[in-house]
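For the sequence shown, my numbering begins at 582 and goes up steadily by one. Cβ coordinates follow ideal geometry from the N, Cα and C atoms, glycine included. Contents: one structure, followed by commentary.
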Amino acid sequence: MAWYREPCTAPGDPGVPPGAVIGLAVCGNRADAALLPSAKELPADWLLERTRSERPRHVRVGAFRLLDACGGVVALRAAVGLFQDQDLKLRTWAAQSAQRWHPSPDAGRGDKEVGELLDRGRHPFSDHELRRRKWEAGVDS
């Protein structure tokens, strides 16, 4: 990795070798990857606030990845909140996250917020899938 980093960060060197940036990207680690296993220990409200549209894209993406790793209603809340994001790729990730969402086994059934979130975020679901998710969560159709 150091071999790739040096040519990419040399001050005043306009001749970055072809492939150095790609090599660095392949070898490098994502800044939020180390946090993913500990995502549930991070304050969800603090992360959720960082998904707001006025935040830079990289902040919104990192916060969403961490919230998605938490699972449960936190992940669904984050995904539905990003359905109107200006970034198409992030909206797509949010829709995919919502489609993968299932209630966590330790969550209580019948959470009214889950029903409201599923209703607000119904667009990535077929009618059958939406009824199924609501049934799994124990909320009325």
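With distances taken Cα to Cα, identify the nearest neighbour of residue 672 among 719, 622, 633. 633
Per the contact definition of three or more C-beta pairs closer than 8 Å, is the segment 658-669 in contact with the segment 683-691? no
Check: How would you label residue 707, buried or exposed, when you count the other beta carbons within 10 angstroms and need 16 or more for buried?
Finding: Around the beta carbon of residue 707, fewer than 16 other beta carbons sit within 10 angstroms, so the residue counts as exposed.
query: Can the beta-carbon of residue 698 be found less than 8 Å from the beta-carbon of residue 711?
result: no
Nearest-angstrom Cβ-Cβ length linking residue 715 and residue 696, presumed shorter than 8 Å: 6 Å
Other residues of its chain near residue 653: CB distance less than 6 Å, five sequence neighbours each side excluded: Same-chain partners within the cutoff: 685, 688.
Worksheet item: Expressed to the nearest angstrom, what Euclidean distance is found between the alpha-carbon atoms of residue 664 and residue 719?
Response: 24 Å
Q.
Just to confirm, is the Cβ distance from residue 651 to residue 670 under 8 Å?
A. no
Cβ neighbours of residue 705 in the same chain (closer than 7 Å, five flanking residues each side left out):
676, 679, 680
Check whether the Cβ atoms of residue 655 and residue 648 sit closer than 8 Å, and answer yes or no. yes
*Given that a residue counts as buried once 16 or more other Cβ atoms are within 10 Å of its Cβ, and exposed if not, what is residue 646?*
So residue 646 counts as buried.
Residue 627: first and last residue of the uninterrupted alpha helix (DSSP H) it sits in: Residue 627 -> alpha helix (DSSP H) spans 625-630.
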